[in-house]
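Undergrad:
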Amino acid sequence: MLNVNKELCTGCGNCEESCPFAAIEIEDGCAVIGESCTLCGACVESCEFEALSLEIEKIVKTDIDAWSGVLVYCEYREGELAPVSTELLGIGRALADQRGVQLSAVLIGHETGDSAEKLVGYGADIVYRVDHEALEVFTDENYCVVLTALIKEHQPEIVLAGATAIGRSFIPGVATTLNAGLTADCTQLEIREEDGALLQTRPAFGGNIMATIVCESSRPQMSTVRPKVMKALDFDMARKGEIVDISPDPESFGNRVKVLETVIGAAAEVNIQEADILVSGGRGLESAKGFELIKKLADTVAAKVSASRAVVDAGWIPYPHQVGQTGKTVAPKLYIACGISGAIQHVAGMQTTETIVAINRDKNATIFDIADYGIVGDLFEVIPKLISKIEERR
Ligand SMILES: Cc1cc2nc3c(=O)[nH]c(=O)nc-3n(C[C@H](O)[C@H](O)[C@H](O)COP(=O)(O)OP(=O)(O)OC[C@H]3O[C@@H](n4cnc5c(N)ncnc54)[C@H](O)[C@@H]3O)c2cc1C
């Protein structure tokens, strides 16, 4: 809570100016705090008269040593494991090995086939398989109950989940129930050597800086990671692990939500994240019609079509095609960027691509800094030539 000492406040307005959230106004010669205050403390530092003070609730220090291990929530939907699950086991394995602890996986659903065995092959030491017909269809309520109960029982120091539609939907509820923090959309996870804390790095301030967040005084440390950011380990059939079947208590399930029907939306149909090759168009296409050329090149190389935000905002192509910080993170084998300048927010979503080809008429375009192959030229001349060369070779 932010307190104003009315006797000390002179109404000088320094705090009003220093507030990044425009949460302070001077009324009748005294600072008044509005609802948009985030308790950042900038005003406290700016006040020469010590009229402002922050009252922070005392943080209850969790017994950190009682929490051990890395736990990954492994998403299972439509009869298969979401690829992000195995990607998270890859980074989870590295973190667990560095900490010298176990890596466990949580699999929630109904009749999940050989998925638990697969999770062992991808690096898990233990798989907690929670199978119940009420869990066949995802609901926030029930998945939150199940995962929270497991975390409370096993007390892992680190919990990882995918920043997918499902993860984004229920993981914040799990964190809130556990009174834990949650760092969303991490791009890097590392262990701090001195004290074993998890360093959770993610873009901040519109992608202009990378912020590293540390959760020093409570457990678990919870992070979500977008698909295609981390790399899965190679599947090892010979790996040994334990599969523990858990029978959930149906009494604990909620009934506030009833799923009547599941409809696959346009976003899922496009699914640029699973493509091996992407041909991506930017503002250099000049209009929506430019995508006809992009589509032609994509068909020639059996690719999917993606785009920059500029052209999505312009309405030339729908949002599910957008690559970048506010779009999808992709990591195909080949990414052909056509008429895309290479803004940091775009690059953040495709920089782990194996091979990047850029076509741009501006030889100084930033996209060439990260491209493996750069073609300087007018895309309306280059792409047709490229298509005919590829067809010729066939
Ligand atoms: C908070 C925030 C989040 C954002 N999130 C995203 C995001 O998720 N994804 C994203 O893409 N952007 C994002 N942006 C926007 C980003 O900053 C850029 O504005 C955007 O990526 C630019 O798109 P572009 O490269 O298509 O267009 P431009 O920057 O306009 O580049 C067009 C390029 O085409 C080239 N060109 C023009 N004509 C031709 C031609 N005939 N032949 C060849 N080359 C040609 C030009 O030389 C230029 O380099 C975000 C911005 C902010 C502030």
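Under the working numbering, think of the first position of the sequence shown as 210, with each following residue one higher.
Note that beta-carbon positions come from the ideal geometry of N, C-alpha and C, so glycine has one too.
Under 7 angstroms, do Gly151 and Ala567 count as touching if we go by C-beta distance?
TA: No information on residue 151 is available, as it lies outside the stretch 210 to 603 that the chain covers here.
Undergrad: Going along the chain, which residues of its own chain have a beta-carbon closer than 6 angstroms to the beta-carbon of Val591, five neighbours each way excluded?
TA: Ile568 and Ile584, listed in sequence order.
Undergrad: Quick check on the burial criterion: 16 or more other C-beta atoms within 10 angstroms. Buried or exposed for Met419?
TA: It is exposed - the Cβ of Met419 has fewer than 16 other Cβ atoms within 10 Å.
Undergrad: Ile235 by DSSP, collapsed to three states: which one?
TA: Note: Ile235 maps to strand in three-state DSSP.
Undergrad: Just to confirm my understanding: we take Leu359, look at its own chain, exclude 5 residues before and 5 after, and list those with CB closer than 8 angstroms. What are they?
TA: Excluding sequence neighbours, Leu359 sits near Leu280, Val315, Tyr337, Val339 and Ile455.
Undergrad: If you draw a straight line from the alpha carbon of Thr535 to that of Ile553, how long is it in whole angstroms?
TA: If I take the Cα positions, the gap works out to 11 angstroms.
Undergrad: Which word fits Thr373, buried or exposed, when buried means at least 16 other C-beta atoms lie within 10 angstroms of its C-beta?
TA: Per the 10 Å Cβ criterion, buried.
Undergrad: Measuring alpha carbon to alpha carbon, tell me which of Ala580, Gln307 and Met559 ends up nearest Leu407.
TA: Taking only the C-alpha atoms, the option nearest Leu407 is Gln307.
Undergrad: With a threshold of 6 angstroms (Cβ to nearest heavy atom), would His319 be considered close to ligand 1?
TA: No, since every heavy atom of ligand 1 falls outside the 6 angstroms radius drawn around the Cβ of His319.
Undergrad: Thinking just about the alpha-carbon of each residue, which of Ala305, Pro457 and Arg492 is nearest to the one in Ile400?
TA: Ile400 has its Cα closest to that of Ala305, out of Ala305, Pro457 and Arg492.
Undergrad: Excluding sequence positions up to five away, which residues of its chain have a Cβ less than 6 angstroms from the Cβ of Ala413?
TA: Ala420, listed in sequence order.
Undergrad: Near ligand 1, which residues have their beta-carbon closer than 5 angstroms to a heavy atom?
TA: Taking each Cβ in turn, the ones that pass are Gly415, Gly491, Arg492, Gly493, Ser517, Arg518, Ala519, Gly533, Gln534, Thr535, Gly536, Gly548, Ile549, Ser550, Ala552, Gln554, His555, Asn569, Arg570, Asp571, Ala574, Asp587 and Leu588.
Undergrad: With three or more C-beta pairs closer than 8 angstroms as the rule, is the stretch 225 to 244 touching the stretch 283 to 291?
TA: Output reads no: the stretch 225 to 244 does not touch the stretch 283 to 291.
Undergrad: Leaving out five residues before and five after Ala546 in sequence, what residues of the same chain have Cβ atoms less than 6 angstroms from its Cβ?
TA: Excluding sequence neighbours, Ala546 sits near Ser489, Ala567 and Ile576.
Undergrad: Leaving out the 5 sequence neighbours to the left and right, which residues in its chain are closer than 8 angstroms to Leu217 when beta-carbon positions are compared?
TA: Within the same chain, Leu217 has close Cβ partners Phe258, Glu259 and Ala260.
Undergrad: On a CA-only basis, which of Asn212, Ala497 and Ser378 is nearest Ser262? Give me that one, please.
TA: Residue Asn212 is the option with its Cα nearest to Ser262.
Undergrad: Using alpha carbons as the reference points, say which of Ala343, Arg302 and Glu296 lies closest to Gln311.
TA: Ranking Ala343, Arg302 and Glu296 by Cα distance to Gln311 puts Arg302 first.
Undergrad: How big is the Cα-Cα spacing for Arg428 and Thr357?
TA: The straight-line gap from Cα to Cα measures roughly 13 angstroms.
Undergrad: Starting from the N-terminal side, write out each stretch of the alpha helix (DSSP H) that is 4 residues or longer and does not extend beyond the stretch 352 to 386.
TA: Entirely contained in the stretch 352 to 386, the alpha helix (DSSP H) runs reaching 4 residues are, in chain order, 374 to 386.
Undergrad: So, are the CB atoms of Cys224 and Ile233 less than 7 angstroms apart?
TA: Closer than 7 angstroms, so yes.
Undergrad: Just verifying my parser: in three-state terms, what is the DSSP assignment at Lys437?
TA: Coil at Lys437, not helix or strand.
Undergrad: Can you give the Cα-Cα distance for Ser597 and Glu563, rounded to whole angstroms?
TA: Answer to the nearest angstrom: the Cα atoms are 24 angstroms apart.
Undergrad: Among Lys504, Ser515, Thr471 and Val472, which has the Cα closest to the Cα of Leu487?
TA: Closest by alpha carbon: Ser515.
Undergrad: Please confirm if the stretch 363 to 377 is in contact with the stretch 429 to 436, defined as three or more CB-CB distances below 8 angstroms between the two stretches.
TA: Contact holds: three or more Cβ-Cβ distances are below 8 angstroms.
Undergrad: To the nearest angstrom, report how far apart Pro593 and Ala540 are at their CA atoms.
TA: If I take the Cα positions, the gap works out to 25 angstroms.
Undergrad: According to DSSP, is Lys267 part of a helix, a strand, or is it coil?
TA: Confidence at Lys267 is low in this model, with a pLDDT of 48, below 50, so the placement of that residue should be treated as unreliable; the coordinate-derived value is given next. Three-state result, Lys267: coil.
Undergrad: Give me the Cα-Cα distance between Glu600 and Ala512, rounded to the nearest whole angstrom.
TA: Each residue's Cα considered, the two are about 15 angstroms apart.
Undergrad: Note the first and the last residue of the continuous alpha helix (DSSP H) segment covering Ser517.
TA: That residue, Ser517, is in no alpha helix (DSSP H); it is neither H nor E in DSSP.
Undergrad: With DSSP as the reference, label Thr564 as helix, strand or coil.
TA: In the structure shown, Thr564 sits in a strand (DSSP, three-state: E or B).
Undergrad: When the Cα atoms are used, what is the spatial distance from Gly371 to Glu236?
TA: Taking the straight line from one Cα to the other gives about 46 angstroms.
Undergrad: List the DSSP bridge partners of Asn569.
TA: Answer is Val585.
Undergrad: Let me know the secondary structure DSSP gives Tyr183 once reduced to three states.
TA: This structure gives no information on residue 183, because the portion of the chain shown stretches from 210 to 603.
Undergrad: Nearest to Ser550 by CA position, among Val532, Asp571 and Gly533, is which residue?
TA: Measuring from the Cα of Ser550, the nearest candidate turns out to be Asp571.
Undergrad: For Lys598, which three-state DSSP category applies?
TA: Reduced to three states, the DSSP call for Lys598 is helix.
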